[in-house]
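Chemist: Residue numbers (our numbering): 270 to 542. Note that CB positions come from ideal geometry on N, CA and C, so glycine has one too.
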């Protein structure tokens with residue numbers, strides 16, 4: 270299943286999908302040099318049109334907004350009292366860059382997750398659960414992301430006794446089960462769940478399915494979030510569309526495989542989602 274998820278993830282990247290579409294058009298033209306050659310040209314024209322649309326229209330933002338707005342923002346300082354701990358999903362650290370760097374960790378675009386970890390340790394007495402190993406298929410590293418982040422937090426002077434580490438899980442589907450195997454106490458209580466806002470619906474669905482009660486703490490917002498439509502943002506919108514395509518595809522993929530109980534988990538967690 271892990272390999273299948275990687276294949277689906279690869280296909281959902283618009284670069285790969287549109288490249289395959291363009292190659293398909295070329296093959297159709299090659300195999301149909303006569304009157305049907307126009308069909309290959311049409312496929313290639315559609316691929317080119319999609320590229321231009323993704324660069325110049327705010328499609329990525331509009332697809333990200335429903336994902337990011339599914340769960341409300343969480344005010345940690347005022348609401349942390351009802352939590353028994355905070356779970357932070359991996360994905361903030363570039364493991365291979367970290368291994369090649371003099372610094373202990375090299376963060377990527379999801380660095381808000383690390384900032385939230387610091388906030389939890391500095392402004393509460395809650396335990397922190399870090400989950401995530403190395404999800405790469407090649408050039409795998411020996412030290413998982415969660416262990417690396419825990420070591421870095423310890424170097425910053427935070428109490429290592431409050432930091433729980435699970436460094437074997439490779440993706441969202443594996444996080445909750447790996448956490449439960451390592452920390453059975455997660456079966457009871459209520460835990461904050463920290464991940465990127467666009468990723469929160471899928472993450473919440475998986476954790477609910479596993480039996481871990483979570484309160485979403487979304488961070489790392491990427492869309493324009495309802496601001497005026499901006500055209501011509503180029504690569505920014507392309508990246509947003511790639512994120513949205515992966516997440517929407519992941520929601521349907523996880524539901525089809527039985528990893529979640531609902532296609533689009535809601536804040537209310539009712540049976541009518």
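Going along the chain, which residues of its own chain have a beta-carbon closer than 7 Å to the beta-carbon of residue 472, five neighbours each way excluded?
Modeler: 358, 441, 462 and 464
Chemist: Relative to the alpha-carbon of residue 438, which residue among 475, 470 and 400 has its alpha-carbon at the smallest distance?
Modeler: 400
Chemist: Could you tell me whether the region 275 to 290 touches the region 514 to 521, where touching means 3 or more Cβ pairs closer than 8 Å?
Modeler: yes
Chemist: Should residue 435 go down as buried or exposed, given a rule of 16 or more other Cβ atoms within 10 Å for buried?
Modeler: With a threshold of 16 other beta carbon atoms within 10 Å, residue 435 meets it and is buried.
Chemist: Between residue 525 and chain B, is the shortest Cβ-Cβ distance under 8 Å, so that the two count as touching?
Modeler: Given the protein chain composition of this structure (a single chain), no chain B is represented.
Chemist: Could you please give the first and the last residue of the uninterrupted beta strand (DSSP E) stretch that includes residue 487?
Modeler: 483 to 488
Chemist: For residue 307 and residue 286, I'd like the C-alpha separation in whole angstroms.
Modeler: Approximately 21 Å, taken between the alpha carbons.
Chemist: Alpha carbon to alpha carbon, how far is residue 474 from residue 300?
Modeler: 45 Å
Chemist: In this structure, how does DSSP classify residue 400 when only helix, strand and coil are distinguished?
Modeler: strand
Chemist: Pull up the distance between the alpha-carbon of residue 395 and that of residue 356, whole angstroms please.
Modeler: 10 Å
Chemist: Based on the DSSP secondary-structure assignment, which residues constitute the bridge partners of residue 460?
Modeler: Beta-bridge analysis with DSSP links residue 460 to 354 and 483.
Chemist: Cα-Cα, which of 482, 466, 467 and 429 is closest to residue 448?
Modeler: Looking at the Cα atoms, 482 is the closest of the given residues.
Chemist: So what does residue 435 bridge to, in DSSP terms?
Modeler: Paired residues: 400.
Chemist: Quick one, are the C-beta atoms of residue 331 and residue 361 less than 8 Å apart?
Modeler: no
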